[in-house]
Ligand code: FPP
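In the working numbering, the protein residues as written are 3 to 233.
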């Protein structure tokens, strides 16, 4: 049976995982990052070709500076320790979101990792950082308007043409969107790309969401009947 071609994950509950154990929220993000490494291994094993990971939203800037700093330090640590492994395993790293506002070192490491992993063909890992779906759509509309005014076309764009202005225009639509920690929302994540996604919610927090949980989500995906508006 065909596995989902694009899984999106809202990695929620790092804070709750930590505070329920008397740990700092940053310790929760650290454990969440360790789990992300395990998840990537399992996605490779299951031959899932694309994953999008909601790591930092445009709204997350409202968090305390120390927590924001902790998250970007983890991004940096993740890249420095895993870049060679990603290259070796055929993982291609791409990013969605406006990198101009994120810490300089994170940005430089990310751009270097994007370049060094660009030939990876087994798994595309789309790291969504300073990402918000509404701002992506607004930006696409603005860029499209600029393009439109400089081209002598009268035709309104097709969906495909409009998508060209997204952060990652060439990824397939999301087949399954997973959100952990019992929250039943999309929270401004890939609203266009998830238009026909199967939604999968679990009570488990992100650090607890293991390989067997991903397998269960994939099994549930296979049980769903996808209709795309038809009968
Ligand atoms: C949501 O949990 C999690 C985040 C906002 C950050 C997720 C970040 C990582 C897993 C680390 C990123 C690392 C890399 C390499 C991309 P929460 O803090 O909202 O949890 P809570 O709802 O229980 O407070």
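Built from N, CA and C at the ideal position, the CB exists for glycine as well.
Relative to the non-hydrogen atoms of ligand 1, the Cβ of residue 90 never comes closer than 8 Å to any of them. With 16 or more neighbouring CB atoms inside 10 Å of its own CB, residue 88 falls in the buried class.
In the displayed model, residue 146 falls within a helix according to three-state DSSP. According to DSSP, residue pairing for residue 125 in a beta bridge involves 93. At a Cβ-Cβ threshold of 9 Å, residue 146 and residue 179 do not count as neighbours.
Counting only runs of 4+ residues, the alpha helix (DSSP H) found wholly inside the segment 17-56 occupies 27-47, in chain order.
Non-local C-beta neighbours of residue 168 in its own chain, meaning closer than 7 Å and more than five positions away in sequence, comprise 138 and 142, ordered along the chain.
Secondary structure at residue 65: coil, using DSSP grouped into helix, strand and coil. For residue 190, the three-state secondary structure derived from DSSP is coil. Assigned with DSSP and collapsed to three states, residue 88 falls in helix. Sixteen is the threshold: since fewer than 16 other Cβ atoms of the shown chains lie within 10 Å of the Cβ of residue 123, the residue is exposed. The Cβ atoms of residue 104 and residue 164 do not sit closer than 9 Å to each other. Contact between the segment 70-88 and the segment 110-125 is established, with three or more Cβ pairs separated by less than 8 Å. Excluding the 5 residues flanking it on each side, residue 39 has same chain C-beta neighbours closer than 8 Å at 80 and 84, in chain order. Distances from the CA of residue 27 to each of 209, 219, 48 and 53 were compared; the closest alpha carbon is that of 209.
With a cutoff of 8 Å, residue 54 does not count as near ligand 1, since its C-beta is closer than that to no heavy atom of the ligand.
Between ligand 1 and the CB of residue 178, the shortest heavy atom gap is not smaller than 8 Å.
Taking residue 189 as reference, the option from 8, 5, 7 and 12 with the minimal CA-CA separation is 12. For residue 135, the closest C-alpha among the options 99, 219 and 229 is that of 99. The closest CA to that of residue 108, considering only 152, 72 and 150, is found on 72. Residue 233 counts as exposed, since fewer than 16 other C-beta atoms from the protein chains shown sit within 10 angstroms of its C-beta.
Between ligand 1 and the CB of residue 25, the shortest heavy atom gap is not smaller than 8 Å. Beta-bridge partners assigned by DSSP to residue 197: none are found.
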